[in-house]
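Residue numbers (the numbering used here): 567 to 1228. First the structure, in the form of structure tokens, and then the observations on it.
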């Protein structure tokens, strides 16, 4: 797949060419990116598919198409704005024409040449549903490939946020509340104009508020033409000017914001097609967003939960004041926004989309199968945002390094066993590791034990966090608290009464590809007498007298139809956890949160991976949650009904309670 960049020196080339090329490679295909001017015959011979991003027609481009047709190369036109409708090139529709000093005639000519390129292509691809609809008038097959972040941007965003303190917590800072407007070009005068008086009023009403605007680094000329916004003059002392930065440093700037604003002119066909970049990039860096209710923003922002949608001056004023005056709500909204964007705008989701796009180009049967898959995925209801019960941080240590794995230990009144679990984590062969302990309202001495142990082991870990739920949240709530606190892609789940073998984290991590949602090992059972041996009277493929093992079947989502074959002690990616709404939180149906997660991942086609090696040990004892709660007759009936209602396709082969022997 050859990506042909028509504007190779603009920021858009990163989103539309380089990140999509990376998704192509992750999908198992070869990909290259080249400026249009440098395309030669050898490049065309190499390509099976050529994607023309913002390429204006010319004699050179005409020759490329002639040669591509002769070599049976499939051609795709890609755009991230409506740049193929010439009559939209009017100042009253695209204010940026005026503010960048261009003329309508020049932009119309540019749009006309891009339209000619599009008409020579076989298919289209673009960023939003609105653009897909606009493209359909010219080509029937158009692929929706949204703008996405990459893992480098995610790591930079989260590190910048950690520099301010513990993510997901209100940090004192300097006492100011920064409202940031991260416009990257001088094309948004008309977008900012309607909300400017409201912003000025908010600044007057809240002296602690600051408006963060950007300027050219050398000339210090503002990106916004300030002469058009006289209402800001009385509050100019509350404007904080920042020099524009290269795109790779943009996440650092978002992390300085408490609130990010994304105003657009609603009802304007050009603005209504703009992508969701301003929302997901702010979310990655921990900023809450207030945005105009364009179509794309309405589909991704859950009003009042992951952001605010504001149209009228009153909407903008109320949203900004609510976020300034309530830091806890602001942080919670930013956290939920972060979880909501991790999957749909991440590289793993884009890889799946790209694989489907390229599969659809491989013949009639492949196109039919790709179409079936695409239509089925479109029918899936959006996953809820993970429920994160309120918690307090009792211990926080961050060396500000980068670990590949976080181990999350969930604990409830396990003082007798917690130390074994902690020591097994410290003994991991991975040299750099994060550890989070979530206490779910214990009444024994386990909290004090965990804190003292952490204070003595700071040198072993990059991050060490002890969180305690405000009220007993149950297993799913405790697991979600831990996943929320994790800042690594890969998170190892460990209950406080179990242990990991030293090579567990490294072996599971090494077994996972970029698109693997979770990996699980063989787990040996033990009790106070030592290893538990397989029962001779049990119908099982395990040999009688051999060590009893959990998680001993290869990964196949169809195996989940009859029941759970995968223990909770697994390495789960944070993006996969977020993609399905996290672990369910229900005290009445507590106990099958892991089974439910595997089923939810199966419904979205997210793969697990089995590592046939004993890497963990499961403690069988009378006070385990399995024996005291899950496998009690009345409770299990509630659990079965709850999980089957969420996943009607499962047909359990063992619905009756069956405690694990001690």
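Where is the CB? At the ideal position from N, CA and C, for every residue including glycine. Since the structure is predicted, the reported quantities are computational estimates derived from the model, not experimental observations.
| Asked | Found |
| --- | --- |
| Residue range of the beta strand (DSSP E) that includes residue 669 | Element bounds for residue 669: n/a, residue is neither H nor E. |
| Opening and closing residue of the beta strand (DSSP E) in which residue 1093 lies | 1084-1093 |
| Nonlocal neighbours in the same chain, by C-beta distance under 8 Å from residue 794, ignoring five residues either side | 755 and 759 |
| Through-space distance from residue 736 to residue 1223, alpha-carbon basis | Residue placement at residue 1223 cannot be trusted, given a pLDDT of 43 that sits under 50; what the coordinates show is reported in the next sentence. About 44 Å. |
| Residue environment, residue 747, which counts as buried when at least 16 other CB atoms sit within 10 Å | buried |
| Environment of residue 853 [buried if 16+ CB atoms lie within 10 Å] | buried |
| Sheet register partners of residue 562 (DSSP bridge) | With the chain running from 567 to 1228 in the structure shown, residue 562 is simply not present. |
| Cβ-based neighbour list, residue 789, same chain, cut-off 6 Å, excluding 5 preceding and 5 following | 749, 752 and 780 |
| Contact under 9 Å by Cβ, residue 957 with residue 980 | no |
| Candidates 786, 734 and 804, of which the one nearest residue 766 by Cα | 804 |
| Residues of its chain near residue 1016, where Cβ-Cβ distance is below 6 Å and the 5 sequence neighbours each way are ignored | 1003 and 1032 |
| Residue 1011, DSSP secondary structure in three states | coil |
| When 1038, 1171 and 997 are compared against residue 1025, the one with the closest alpha-carbon | 997 |
| Straight-line Cα distance separating residue 712 from residue 919 | 9 Å |
| Rounded straight-line distance, which links the Cα of residue 1140 to that of residue 1055 | 5 Å |
| Distance CB(residue 569)-CB(residue 591) smaller than 9 Å | no |
| 9 Å Cβ cutoff met for residue 831 and residue 648 | no |
| Buried or exposed by the 16-neighbour rule on C-beta atoms within 10 Å, applied to residue 943 | exposed |
| Buried versus exposed call for residue 1018 [16 or more other C-beta atoms within 10 Å across all chains shown] | exposed |
| Beta-carbon proximity check, residue 969 vs residue 1007, cutoff 9 Å | no |
| Residue 1184 (DSSP reduced to helix, strand or coil) | strand |
| Through-space distance from residue 908 to residue 843, alpha-carbon basis | 13 Å |
| Three-state secondary structure assigned by DSSP to residue 1223 | At residue 1223 the pLDDT is 43, less than 50, meaning the model places this residue with poor confidence; the figure from the coordinates comes in the next sentence. Coil. |
| Cβ neighbours of residue 1228 in the same chain (closer than 7 Å, five flanking residues each side left out) | Unreliable placement is indicated for residue 1228, whose pLDDT of 48 sits below 50; no coordinate value is reported for it. |
| Beta-carbon gap between residue 976 and residue 1029 smaller than 9 Å | no |
| Cβ shell of residue 1097 (< 6 Å), same chain only, five flanking positions each side left out | 1113 |
| Any alpha helix (DSSP H) of 4 or more consecutive residues that is wholly inside the stretch 959-1042 | 981-992 and 1012-1022 |
| Rounded separation between residue 905 and residue 912 - CA only | 11 Å |
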